[in-house]
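Report on one structure; see the data block that follows.
In my numbering, the protein residues as written are 573 to 1250.
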């Protein structure tokens, strides 16, 4: 990149201790001298032979070789000698004396004296200059440039050949083998990218400084390379644009031919093997397993169709893309292909969907039929087992379960009819998909099978309903029987509770005659309630006898309940009579006592008969004695009214009243005693 004072280019030849090949050096010099332009060459070269690490013989050979390689272009050769100069014996050859024969001037100079002949800014650091130079960077750029030049030139020839051949034989050449020649040996995009990067690097080096910040002028070879690269890039872009259009046209024609071929493959398969597969599938099966097998077979058919439908989708997208391109000459043909393909595919897809829906409906029909059959079997099994009565609640639960099963059967039969009718409707529409095939026989078999299943289920359901009616009546009678027995036992419990209440709570005898009469009236009503309870229990037990005779079974509880009922009723009757007797005695006692106590003492004639006092005392003593006596039942058991304290309280009140009567008696006797004395 450096220049001498005449603006000639500087060529540096570094020599080393190793053996230098003159042939390689000669070739290298030829290459380097071929880079500059003729204008640069006309200004001559200054050659620097760096012999500091070499021998004198090698330096001499190199200088002499320059005479044969570049005699006209070399104007000055500077041989940089080592610090320890060569022996004078070997330097007796004087280059300056040979100037006329060599054609250029040769001088021996030390590295630090080289600036006398060349400016420091044009020398590299090796020679004490300031010129920035990276040989590897220059070499890499040069290799890229030469590679680009070679590839672009070759590519231009190939593209021109392809484009010109396409223009001449665009309509005549249809042979597929010619397509192989349409591929260039290198990728045009890669070559263009390489050229742009190279041009960008060359232009950047022209304006930017070096790493050290010193302004740097590009070498002449780089200035020369820029217009070459730009010219090659322009030519490449032009030819590549034409090539892309040629490829697009040929690709479109090839794509159209491929689409036509694939469309016919899809259409031929769908209308041929695909349709034949569906023509052979018309049955619906006679069970769940058969329907599932047919569904599996249909899925295999759908799987084969799916592969062709995927091709259809891809072709449809390709056709749509070509239609969007807007080429008038291909629009009619593309639309015709698209319409033909769509019609065939949609028709086949609709037939597949119809067949799938038919098989699904058949599977649902057979599933409902199987569930209904299992429900009828369960109901029949339940009806065939004799009822073992445990209690009314269990019978009610069994009856409820029976009704639920019957209701479930009704719903199942209704669902079966709906599924069957839906399936029959689909079968009636099956003829429209037959492609001319007579499917009357196949449809008749399917229809007969469906109707036969529904009729059979209807008959089985009717038989079960008849058996359910009989079982329901029997179970209702059982429920009534258990209810009568339970109510009869409850009547016994109620009567026992009434007896217990009579003994424990019906204790008071009243404080006066009026209260005692009220208690007596309440007691009679209490007895009426007990009588109604007893009569109700008797009626229930009579009903259980009638139901047992109807059901031909022996009651488990009526034989025990009737004696209990009679026994409790007998005890209640005896206790009630004792209660009545006590209340009546108390009424007589209170009435007589109150009458005597309320009489005025000024009427002694009312008490002429002293026997009344004696009678009242006798009644009171009889009542007191009766309060201490228990109620004795026929089985010898005894029961007292209330607790001893309750009886003591009632007896104490009677005694107090008897004392009042006795006191009254004494008061009446005193006037009788004083009258004779007076």
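Heads up, the beta-carbon is just placed ideally off N, CA and C, and yes, glycines get one too.
Nearest neighbour of residue 726, chosen from 811, 852, 831 [CA to CA]: By one-based count along the chain shown, residue 726 stands at place 154. Measuring from the Cα of residue 726, the nearest candidate turns out to be 811.
*Report the partner residues of residue 582 according to the DSSP bridge assignment.*
Taking the first residue of the chain shown as position 1, residue 582 is located at position 10. Partner(s): 618.
- Task: Using only the heavy atoms of the ligand GDP, determine whether one of them is closer than 7 Å to the beta carbon of residue 730.
- Result: Among the components modelled here there is no ligand, and therefore nothing to report on the ligand GDP.
Excluding sequence positions up to five away, which residues of its chain have a Cβ less than 6 Å from the Cβ of residue 633? In the chain shown, counting from the first residue as 1, residue 633 sits at position 61. Closer than 6 Å at Cβ, skipping near neighbours: no residue.
Check your understanding: What residue from 608, 590, 585, 714 has the CA that sits closest to residue 597's CA?
Key -> On the chain shown, residue 597 is found 25 positions in, with the first residue counted as 1. Among 608, 590, 585, 714, the Cα nearest to that of residue 597 belongs to 585.
ask   = What's the call for residue 1007, buried or exposed, on a 16-neighbour Cβ count within 10 Å?
value = As a working note, residue 1007 is residue 435 in the chain shown. Only weak support is given to the placement of residue 1007: the predicted model assigns it a pLDDT of 47, under 50, and the value that follows is read from those uncertain coordinates. Classification of residue 1007: exposed, given that the 10 Å Cβ count is below 16.
At which residues does the beta strand (DSSP E) containing residue 650 begin and terminate?
-> Along the chain shown, read from residue 1 onward, the residue named residue 650 stands at position 78. Counting along the chain, the beta strand (DSSP E) containing residue 650 begins and ends at 646 to 652.
Taking 7 Å as the limit between beta carbons, can you name the residues of its chain near residue 582, skipping five residues before and five after? As a first step, residue 582 must be located in the chain shown, where it is residue number 10. Contacts found: 574, 575, 576, 618, 620, 690, 694.
So what's residue 831 in DSSP terms, helix, strand or just coil? Looking up residue 831 in the chain shown gives position 259. In this structure, residue 831 counts as helix in the three-state DSSP scheme.
Give the straight-line distance between the Cα atoms of residue 1019 and residue 968, rounded to the nearest whole angstrom.
The residue given as residue 1019 occupies position 447 in the chain shown. The residue given as residue 968 occupies position 396 in the chain shown. If you take the alpha carbons of residue 1019 and residue 968, they lie about 43 Å apart.
Review point. Fully enclosed by the region 1175 to 1247, which alpha helix (DSSP H) runs are 4 residues long or longer?
Key: 1183 to 1199
task: Using a threshold of 8 Å, state whether the C-beta atoms of residue 616 and residue 645 are closer than that.
output: Stepping through the chain shown from its first residue, residue 616 is reached at position 44. Stepping through the chain shown from its first residue, residue 645 is reached at position 73. Against a cut-off of 8 Å, the Cβ pair of residue 645 and residue 616 comes out as a contact.
Exercise. State the DSSP-derived secondary structure class of residue 691, mapped to helix, strand or coil.
Key: Reading the chain shown from its first residue, position 119 is the one you call residue 691. It is coil, neither helix nor strand.
query = Counting Cβ pairs closer than 8 Å, one from the region 907 to 917 and one from the region 880 to 891, do we hit at least three?
reply = yes
For residue 575, which three-state DSSP category applies? Residue mapping note: residue 575 aligns to position 3 of the chain shown, counting from 1. Strand at residue 575.
Per DSSP, residue 677 forms a beta bridge with which residues? The sequence position of residue 677 within the chain shown is 105, counting from 1. Answer is 648, bridged to residue 677.
| said: According to DSSP, residue 696 sits in a beta bridge with which residue or residues? | reply: Position 124 of the chain shown, counting from 1, holds the residue named residue 696. Beta-bridge pairing links residue 696 to 703.
inquiry  = Assuming residue 1120 is part of the alpha helix (DSSP H), what are its boundary residues?
reply    = In the chain shown, residue 1120 corresponds to position 548, counting from 1. First-last of the alpha helix (DSSP H) with residue 1120: 1085 to 1123.
For this session: Go through its chain and collect everything with a Cβ distance to residue 1237's Cβ below 6 Å, but skip five positions before and after it.
Result: In the chain shown, residue 1237 corresponds to position 665, counting from 1. Answer for residue 1237: 1185, listed in chain order.
Self-check item: Residue range of the unbroken alpha helix (DSSP H) whose run includes residue 551
Solution: For residue 551 there is no data in the structure shown, the boundaries of the chain being 573 and 1250.
Would you check if the distance between the CB atom of residue 1052 and the CB atom of residue 1119 is smaller than 8 Å?
By 1-based counting over the chain shown, the position of residue 1052 is 480. By 1-based counting over the chain shown, the position of residue 1119 is 547. Going by C-beta atoms, residue 1052 is nearer than 8 Å to residue 1119.
| message | In whole angstroms, give me the CA-to-CA distance for residue 1142 and residue 1135. | response | By 1-based counting over the chain shown, the position of residue 1142 is 570. By 1-based counting over the chain shown, the position of residue 1135 is 563. Going by the C-alpha atoms only, they are around 10 Å apart.
Residue closest to residue 733, alpha-carbon to alpha-carbon, out of 887, 868, 757, 1209: Against the chain shown, residue 733 aligns to sequence position 161. When each option's Cα is compared against that of residue 733, the closest is 757.
Here's a check: name, in chain order, each residue in its chain whose Cβ is nearer than 8 Å to the Cβ of residue 1137, leaving out the five neighbours to either side. As a working mapping, residue 1137 is identified with position 565 in the chain shown. 1060, 1063, 1064, 1067, 1106, 1109, 1110, 1113, listed in sequence order.
* First and last residue of the alpha helix (DSSP H) that includes residue 755? -> Against the chain shown, residue 755 aligns to sequence position 183. Careful: residue 755 lies outside any alpha helix (DSSP H) and carries neither H nor E.
Discussion item. Within 8 Å, do at least three Cβ pairs link the region 1156 to 1164 to the region 1209 to 1220?
Written reply: no
Using the Cα positions of residue 730 and residue 872, report the straight-line distance between them to the nearest angstrom.
Taking the first residue of the chain shown as 1, we reach residue 730 at position 158. Taking the first residue of the chain shown as 1, we reach residue 872 at position 300. Going from the Cα of residue 730 to the Cα of residue 872 covers about 52 Å.
Check: Between the C-alpha atoms of residue 880 and residue 1016, what's the straight-line distance to the nearest angstrom?
Finding: In the chain shown, the residue the question calls residue 880 occupies position 308. In the chain shown, the residue the question calls residue 1016 occupies position 444. Roughly 33 Å between the two C-alpha positions.
* Would you list, in sequence order, the uninterrupted beta strand (DSSP E) runs of no fewer than 3 residues that lie entirely inside the region 711 to 742? => none
TODO: Count the other CB atoms, across all protein chains shown, that sit within 10 Å of the CB of residue 611; report buried if there are 16 or more and exposed otherwise.
DONE: In the chain shown, the residue the question calls residue 611 occupies position 39. So residue 611 counts as exposed.
For a quick check, are the C-beta atoms of residue 1116 and residue 1047 less than 8 Å apart? Position 544 of the chain shown holds residue 1116. Position 475 of the chain shown holds residue 1047. No.
Exercise for review: Determine the closest residue to residue 1100 out of 912, 1145, 981, with distance taken between C-alpha atoms.
Suggested key: Within the chain shown, the letter at position 528 stands for residue 1100. The option with the nearest alpha carbon to residue 1100 is 1145.
_Could you compute how far the alpha carbon of residue 1223 sits from the alpha carbon of residue 1205?_
The residue given as residue 1223 occupies position 651 in the chain shown. The residue given as residue 1205 occupies position 633 in the chain shown. Looking at the two C-alpha atoms, the distance is approximately 24 Å.
*Taking the alpha-carbon positions, what's the residue 917 to residue 821 distance?*
One-based indexing of the chain shown puts residue 917 at position 345. One-based indexing of the chain shown puts residue 821 at position 249. Cα to Cα, residue 917 sits roughly 30 Å from residue 821.
If we ignore side chains and look at the alpha-carbon of each, how far apart do residue 605 and residue 809 end up? As a first step, residue 605 is located in the chain shown; it is residue number 33 there, counting from the start. As a first step, residue 809 is located in the chain shown; it is residue number 237 there, counting from the start. Approximately 31 Å between the Cα atoms of the pair.
* Asked: Using the C-alpha atoms, what's the distance from residue 947 back to residue 981?
  -> In the chain shown, the residue the question calls residue 981 occupies position 409. In the chain shown, the residue the question calls residue 947 occupies position 375. C-alpha separation (whole angstroms): 6 Å.
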